[in-house]
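Student: Structure in structure tokens, see below.
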Amino acid sequence: MSEKAPSELKLENDITEARDRLATTIDELTVRAAPKNVVARQTEAAKKGFYDATHDDKGELRTDIFVAAGAAVAGVVLLVVLNSRRRERKWARQRARRSW
634 MSEKAPSELK LENDITEARD RLATTIDELT VRAAPKNVVA RQTEAAKKGF YDATHDDKGE
694 LRTDIFVAAG AAVAGVVLLV VLNSRRRERK WARQRARRSW
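So, in structure tokens, the structure goes:
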């Protein structure tokens, strides 16, 4: 058998190293793309986003957001109640007209 030239050996080593790096990269991507891991990352991101939105830089709870959210909920409830009362009056007028 003939001896391989040093350039051939270097080329084979380079190819082997590249193949190993590619296999490692594919393994890492497979782990990252697993649905369980994607869900876990998204859950952690959502938790972090909620914490950042509800806490200040010192880690204390931001009450201003809860007051604003409470006011918004109260406003929506008020609009729903007023709208339902308006509809009830409208229906009562229509029933009164039909009964004549």
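First residue of the sequence shown? That's 634 in this note's numbering, and the numbers climb one at a time after it.
We put the CB at the ideal spot given by N, CA and C, even for glycine.
Would you report the Cα separation of T657 and A667, rounded to the nearest angstrom?
Tutor: As a working note, residue 657 is residue 24 in the sequence shown. As a working note, residue 667 is residue 34 in the sequence shown. Near 16 Å, if we compare the C-alpha coordinates of A667 and T657.
Student: On the DSSP bridge assignment, give the partners of L694 in chain order.
Tutor: As a position in the sequence shown, residue 694 is number 61, starting the count at 1. L694 pairs with H688.
Student: When you compare only the Cα positions, how much space is there between R731 and R719?
Tutor: Reading the sequence shown from its first residue, position 98 is the one you call residue 731. Reading the sequence shown from its first residue, position 86 is the one you call residue 719. C-alpha separation (whole angstroms): 19 Å.
Student: For R695, I'd like the list of residues in its chain whose CB is within less than 7 Å of its CB, leaving aside the five on either flank, ordered along the chain.
Tutor: Residue numbering aside, residue 695 sits at position 62 when the sequence shown is read from its first letter. For R695, where only same-chain residues beyond five positions count, the Cβ hits under 7 Å are T687, H688, D689.
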